[in-house]
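K.L.:
With the first letter of the sequence shown counted as 1, position 24 gets the number 370 in our numbering; the numbers rise by one all the way through. C-beta atoms are modelled at their ideal positions from N, C-alpha and C, and glycine is treated no differently. Here it is, the structure in full.
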Amino acid sequence: MTSVLIAAILGWAIYRRARRSFGRQPVNVVRLRLRIGVLAVVGTLILVASAANMNLLAALLCGIAVGAVLATVGLRHTRFEATPEGRFYTPHTYIGLFVSALFIGRILFRFLTLYGHPQAMAQASPNPFDQYQRSPLTLAIFGVLVGYYILFNLGVLRKSREIPWPAPP
């Protein structure tokens with residue numbers, strides 16, 4: 347039952363993330379700031395935890411740099427508009443989906459790897475995320491996610507403020 351619940355929650359999260367990569371989205375300042383804050387806190391915690399190992403730290407920082415480049419490209423291809431209903435943006439579909447699919451694919455790959463080898467699940471460490479924190483590839487992909495979404499959301503907030511409101515009819 348627990349596996350079904352976890353799968354349902356992951357499926358719902360994937361659906362919500364993918365839905366936000368398509369079509370016109372309202373600029374919700376509170377939601378965007380909350381995402382930035384949560385990702386910044388989680389990213390900082392992972393950064394501090396991986397600082398002891400230079401390979402992990404380098405992988406995470408390289409991932410953040412790649413995510414920042416993708417966010418810059420994504421912002422250039424994002425359309426912004428202000429209507430009487432509010433401010434909206436239409437993100438570049440493929441870049442957002444690529445970043446989300448990269449992260450989700452890595453998590454699913456790790457789950458399938460561990461599921462196929464039950465002896466790998468018997469960890470010496472009580473930390474359930476220890477296997478993820480020791481993989482440079484996982485940290486690099488997480489860095490891409492953090493770098494992309496923090497910079498992209500900051501760019502959406504900044505650019506949406508620059509859009510002039512339409513003249514009243």
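(1) Looking only at C-alpha atoms, which of 489, 370, 352 and 361 sits nearest to residue 428?
(2) Using 8 Å as the Cβ pair cut-off and three pairs as the minimum, do the region 374-385 and the region 445-457 touch?
(3) Given that a residue counts as buried once 16 or more other Cβ atoms are within 10 Å of its Cβ, and exposed if not, what is residue 361?
(4) Have a look at the DSSP bridge pairing and note the partners of residue 435.
(5) Quick check: the region 404-414 against the region 433-441, are at least 3 beta-carbon pairs closer than 8 Å?
(6) Which first and last residues belong to the alpha helix (DSSP H) in which residue 506 is found?
P.N.:
In terms of the structure at hand:
(1) Start at 1 with the first residue of the sequence shown, and residue 428 comes out as number 82. Residue 428 has its Cα closest to that of 370, out of 489, 370, 352 and 361.
(2) no
(3) Counting from 1 along the sequence shown, the entry for residue 361 is found at position 15. The residue in question, residue 361, is exposed, as its Cβ has fewer than 16 Cβ neighbours within 10 Å.
(4) Taking the first residue of the sequence shown as 1, we reach residue 435 at position 89. Answer is 371 and 426, bridged to residue 435.
(5) no
(6) Taking the first residue of the sequence shown as 1, we reach residue 506 at position 160. First-last of the alpha helix (DSSP H) with residue 506: 482-508.
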